[in-house]
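A.B. asks: Counting in this note's numbering, the sequence shown runs from 645 upward without gaps. Ideal Cβ placement from N, Cα and C applies to all residues, glycine included. Computed from a predicted structure; not experimentally measured.
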Amino acid sequence: MNRLQFVVPVRLSRGPGHPIKEIEGVAEAIAFLREWPAGRRGPVFNCAMNCCLAADGGQISTDDARRSFAGFIRISGMLVDERIGHYVVDHSHERPMRRSA
Numbered sequence: 645m646n647r648l649q650f651v652v653p654v655r656l657s658r659g660p661g662h663p664i665k666e667i668e669g670v671a672e673a674i675a676f677l678r679e680w681p682a683g684r685r686g687p688v689f690n691c692a693m694n695c696c697l698a699a700d701g702g703q704i705s706t707d708d709a710r711r712s713f714a715g716f717i718r719i720s721g722m723l724v725d726e727r728i729g730h731y732v733v734d735h736s737h738e739r740p741m742r743r744s745a
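Written as structure tokens, this is what we have:
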């Protein structure tokens, strides 16, 4: 096993009707991130890219890079739960709606 290969691939899909893709290592994660639209890149994207590049350079572990990349995929709504094959939706970054009095 390559030192930059993920122990467990990150499974993602762009939505219903789209195939499930497995990202198996740092190089694949970097390639995926480089294809991400520039207008949709933010702090979580930057963190994932920086972590993957750092792992590629031997500065952090592959496992840490995987966690960062998987977090980006989860927040983007593309993470597929390996156990049940469904999307994992994270609403923790959303603010609760205000109710008017």
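#1: For valine 724, which option in Leu648, Ile664, Ala698 and Val651 has the closest C-alpha, if you only look at C-alpha atoms?
#2: Excluding the 5 residues preceding and the 5 following serine 744 in the sequence, name in chain order all residues of the same chain whose CB lies nearer than 7 Å to its CB.
#3: On the criterion of 16 or more Cβ atoms from any shown chain inside 10 Å, does arginine 718 qualify as buried, or is it exposed?
#4: Along the chain, where does the alpha helix (DSSP H) containing isoleucine 717 start, and where does it finish?
#5: Got a sec? Which residues, its chain only, sit under 8 Å from leucine 697 by beta carbon, not counting five neighbours each side?
#6: Less than 6 Å between C-beta atoms, sequence neighbours within five positions excluded: which residues of the same chain meet that for alanine 693?
#7: How about proline 668 and glutamine 649: do their beta carbons lie closer than 8 Å?
#8: Taking only the alpha-carbon atoms, compute the straight-line gap between glycine 701 and cysteine 691 and give it to the nearest angstrom.
#9: What residues match up with glutamine 703 in a beta bridge as DSSP calls it?
C.D. replies: Per the coordinate set shown:
#1: Here the question's residue 724 lines up with position 80 in the sequence shown. That would be Ile664, whose Cα lies nearest to the Cα of valine 724.
#2: Within the sequence shown, the letter at position 100 stands for residue 744. Reliability of the predicted coordinates at serine 744 is poor, the pLDDT of 44 falling under 50, and no value is obtained from them.
#3: The residue you call residue 718 lines up with position 74 of the sequence shown. Buried, because 16 or more other Cβ atoms sit within 10 Å of the Cβ of arginine 718.
#4: Sequence index remark: in the sequence shown, residue 717 carries index 73 (1-based). Here the alpha helix (DSSP H) through isoleucine 717 covers 706-719.
#5: Reading the sequence shown from its first residue, position 53 is the one you call residue 697. For leucine 697, same chain residues with a beta-carbon under 8 Å away, outside a window of 5 residues either side, are Ile674 in chain order.
#6: Here residue 693 refers to the residue found at position 49 when the sequence shown is read from its first residue. Going by the sequence as given, residue 693 is methionine instead of alanine. Hits under 6 Å: Leu677.
#7: To locate residue 668, count along the sequence shown from 1; it is residue 24. To locate residue 649, count along the sequence shown from 1; it is residue 5. The amino acid occupying residue 668 in the given sequence is glutamate; proline does not appear at that position. In this structure, glutamine 649 lies closer than 8 Å to glutamate 668 by Cβ.
#8: To locate residue 701, count along the sequence shown from 1; it is residue 57. To locate residue 691, count along the sequence shown from 1; it is residue 47. Their backbone Cα atoms lie some 15 Å apart in a straight line.
#9: Your numbering for residue 703 matches position 59 in the sequence shown. Answer is none; glutamine 703 lacks a bridge partner.
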